[in-house]
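Read the structure below first, then the notes.
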Amino acid sequence: MKILSPEKFAALSARANNWDAIVAAVTEANPEFDAANASPETIAQALAGDDDAVDPNAQALVEANSTIETLNGTVSTHLATIQSLTEQVTALKAKPAESTAGAAGAAGAPAGDPNAEVRSSLVEFAAENAGDHNAIIEHLQETGFLPK
Amino acid sequence: MAVVTVGSLTREAIAFQDVLRALPLYSFNEVAVSLGLNVQEVVGEDKEISTRRKGGLVRGYFPGLTPNQNFALLGFFEQSLKPEIVYASFKDNINNYREKKVLTNAGEKVDNKTKAHPLEQEILKNAALSINEDVVFNLFFAERGVDAAGSVTPATAFNGFNSKIAALKVAGEIAAGKGNLVNTGAIAAPVDANDTAAYDLVVTFIRAAHPLLRRGETELRIGLTALSLVRDAYKNKVKAFNYPTLEEVIQRLRDDSMCPGLVIRTHEAYGNGGQLMLTKPGLFDIGFNVESDKDYIQVRTPYEDPNDVQFWGQFAVDTRIKDIHEKIFLTNEVINTSNSVLIGDR
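In order, the protein sequence lines correspond to chains B and F. Counting from 12, one number per residue, gives the positions in the first sequence under the working numbering. Counting from -12, one number per residue, gives the positions in the second sequence under the working numbering.
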């Protein structure tokens, strides 16, 4: 008794051959593929490859890049702060701040200091001529701060 | 009148730094002019290299001769000026300065102009000047390290000119055989009205110098006391004549020693004794550095008692004799003693 008709048998044989051809092709491309336990799912996974697999090295790289970007931002902020403070220091050195009521005066003298003008005179001249010791000495002698 | 407080003094010390930094040069200038010293700021190290030419090269030429002179034309003598850090630290109490009205400063009357300067500035100025004066009066005598008693003093803070001379003597660079050292003995006070030894000693010393050293401008460094003794001896020499002035003594020294361009260089900082140095101008350097020290004079309050303040002064200093060749340098074996008792007012 025939279970399958010749046409049905030929069709199934053809499909089986096709399956074998697919398994053989996959096995050829990926020698580690387990052909004996091949299933549509394993074939599909083999065909999809490792593109979707998570690479631990790649993930670490992404995290490192993120950290670098964060640190770069911090450095930029600090550099801006340093530049701002440097400009403030330069400006303060160039000319001491005006004395205001209740605040420290030009040369660090408290407001209301009767000698504030004299303090400022020497300090301002020295600041304007910083490093030119001869000029400062001459000025100090002219003002009577040093004997001639 | 404003009261000096710890706060006002520390504030002033910060604001006054540029003024205070000029004071070492002010202190050094006076002694530099008197003793013919160069004062220069040195960052790091400054090296001076002098050349020594070989002489006696020329020979008569004859055809077929064999030239056989083999030597280096130039020799070199190098001296370094490398300021080393010195410091002064002392503790004071702010109550020592409250309600003080300064009328004179170290014997100098303070006029209306100077009286206007706040006491804080006067305190800081005097702190700086005292520190500088320690250096000035030890320019010749200091030797860095510890003294014979194991103590540290201004005289052990840096290396002065005499320590450089001592090192050069040990190295054999200053020696009778090199023509830059003459043994004279000490300059003594005349023992009677006929004693002219002190004057004659200086004449003999100058005459012993290399002829090229005696040519043109020549500086004789001599202590004030020794110069007085020379003058006393000269008075004995010309006792039957007019009472001589110092300028006349020096003029006679020029004539007797065959050194027409002789100039006398003297200062209290040169010390007492018969040490003589005859040189061409510009051989002695003082190197200092205050710029690298951010705070030349600091006033701090690190103590438990809030009225106590600490003064901290710091800068770098060194000395150098550029060259000691017999054509430009001559000294004797005597070493002066320091006039350190003159430092300060009390």
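Note that beta-carbon positions come from the ideal geometry of N, C-alpha and C, so glycine has one too.
{"Asked": "Inspect the CB distances between the segment 256 to 270 of chain F and the segment 30 to 44 of chain F and report whether three or more fall short of 8 Å.", "Found": "no"}
{"Asked": "Please give the ranges of any beta strand (DSSP E) in the segment 166 to 253 of chain F, keeping only runs that are unbroken, at least 3 residues long and fully inside the region.", "Found": "204 to 208, 248 to 252"}
{"Asked": "I'd like to know whether the C-beta of Ala102/B is nearer than 8 Å to at least one C-beta of chain F.", "Found": "no"}
{"Asked": "Does DSSP put Val73/F in a helix, a strand or coil?", "Found": "strand"}
{"Asked": "Whose C-beta lies closer than 6 Å to the C-beta of Glu235/F among residues of the same chain, with five residues either side of it excluded?", "Found": "none"}
{"Asked": "Near Phe44/B, which residues of its chain fall below 6 Å by C-beta distance, leaving aside the five closest residues on each side in sequence?", "Found": "Val37, Thr38, Ala57"}
{"Asked": "My understanding is that Val29/F touches Asn276/F, with C-beta atoms under 8 Å, so please give their C-beta distance in whole angstroms.", "Found": "6 Å"}
{"Asked": "With 16 other CB atoms within 10 Å as the buried threshold, where does Gly84/B fall?", "Found": "exposed"}
{"Asked": "Are the segment 112 to 124 of chain F and the segment 295 to 303 of chain F in contact at 8 Å, needing three or more beta carbon pairs?", "Found": "yes"}
{"Asked": "Please identify the residue among Asn170/F, Ala220/F, His254/F whose C-alpha is closest to the C-alpha of Leu207/F.", "Found": "His254/F"}
{"Asked": "Counting only the same chain and skipping the five closest in sequence on each side, list residues whose C-beta sits under 6 Å from that of Ala46/B.", "Found": "Val34, Thr38"}
{"Asked": "Going by beta carbon distance, what residues of the same chain come within less than 6 Å of Thr171/F, once the five residues before and after it are set aside?", "Found": "Leu188, Phe192, Asn319"}
{"Asked": "Throw me the rounded Cβ distance for the Ile174/F and Ala158/F pair, which I believe falls under 8 Å.", "Found": "That pair is no contact at about 27 Å."}
{"Asked": "Looking at Ile308/F and Phe148/F, is the spacing between their C-beta atoms short of 8 Å?", "Found": "yes"}
{"Asked": "Should Gly210/F go down as buried or exposed, given a rule of 16 or more other Cβ atoms within 10 Å for buried?", "Found": "buried"}
{"Asked": "What does Arg8/F reach in chain B if we use C-beta pairs closer than 9 Å?", "Found": "Ala137, Ala141, Gly142, His144, Ile147"}
{"Asked": "For chain B, check one thing: does any of its Cβ atoms lie closer than 8 Å to the Cβ of Asp272/F?", "Found": "no"}
{"Asked": "So what's Ile330/F in DSSP terms, helix, strand or just coil?", "Found": "coil"}
{"Asked": "Any beta carbon of chain F sitting closer than 8 Å to that of Leu133/B?", "Found": "yes"}
{"Asked": "State the DSSP-derived secondary structure class of Phe20/B, mapped to helix, strand or coil.", "Found": "helix"}
{"Asked": "Can you tell which of Arg202/F, Ala153/F, Asn223/F has the C-alpha that lies nearest to the C-alpha of Thr183/F?", "Found": "Asn223/F"}
{"Asked": "Listed in chain order, which residues of the segment 20 to 31 of chain F have Cβ atoms closer than 7 Å to some Cβ of chain B?", "Found": "none"}
{"Asked": "So, helix, strand or coil for Arg8/F, using DSSP?", "Found": "coil"}
{"Asked": "I'd like to confirm the pairing. Which residues does DSSP put opposite Ser37/F in its beta bridges?", "Found": "Phe64/F"}
{"Asked": "Does the segment 135 to 148 of chain F come close enough to the segment 287 to 294 of chain F that 3 or more CB-CB pairs lie under 8 Å?", "Found": "no"}
{"Asked": "Could you list which residues in chain B have their beta carbon closer than 9 Å to that of Lys112/F, in chain order?", "Found": "Leu151, Phe156, Leu157"}
{"Asked": "Would you mind reading off the limits of the beta strand (DSSP E) that contains Phe127/F?", "Found": "No beta strand (DSSP E) contains Phe127/F, which DSSP labels as neither H nor E."}
{"Asked": "Cβ atoms of Ile330/F and Asp134/F: under 8 Å apart, would you say?", "Found": "no"}
{"Asked": "Take Ser150/F and list the residues in its own chain whose beta-carbon comes closer than 6 Å to its own, dropping the five residues that flank it on each side.", "Found": "Glu130"}
{"Asked": "Please compile the residues from chain B whose C-beta is within a distance smaller than 8 Å of the C-beta of Leu12/F.", "Found": "His144, Asn145, Ile148"}
{"Asked": "In whole angstroms, give me the CA-to-CA distance for Phe316/F and Asn167/F.", "Found": "6 Å"}
{"Asked": "Do Ala213/F and Pro177/F have their CB atoms nearer than 8 Å?", "Found": "no"}
{"Asked": "Which residue or residues does DSSP assign as beta-bridge partners of Thr266/F?", "Found": "Glu206/F, Phe316/F"}
{"Asked": "Measure the C-alpha to C-alpha separation of Ser37/F and Ile311/F and round it to an integer number of angstroms.", "Found": "10 Å"}
{"Asked": "How is Gln99/B classed by DSSP in three states: helix, strand or coil?", "Found": "helix"}
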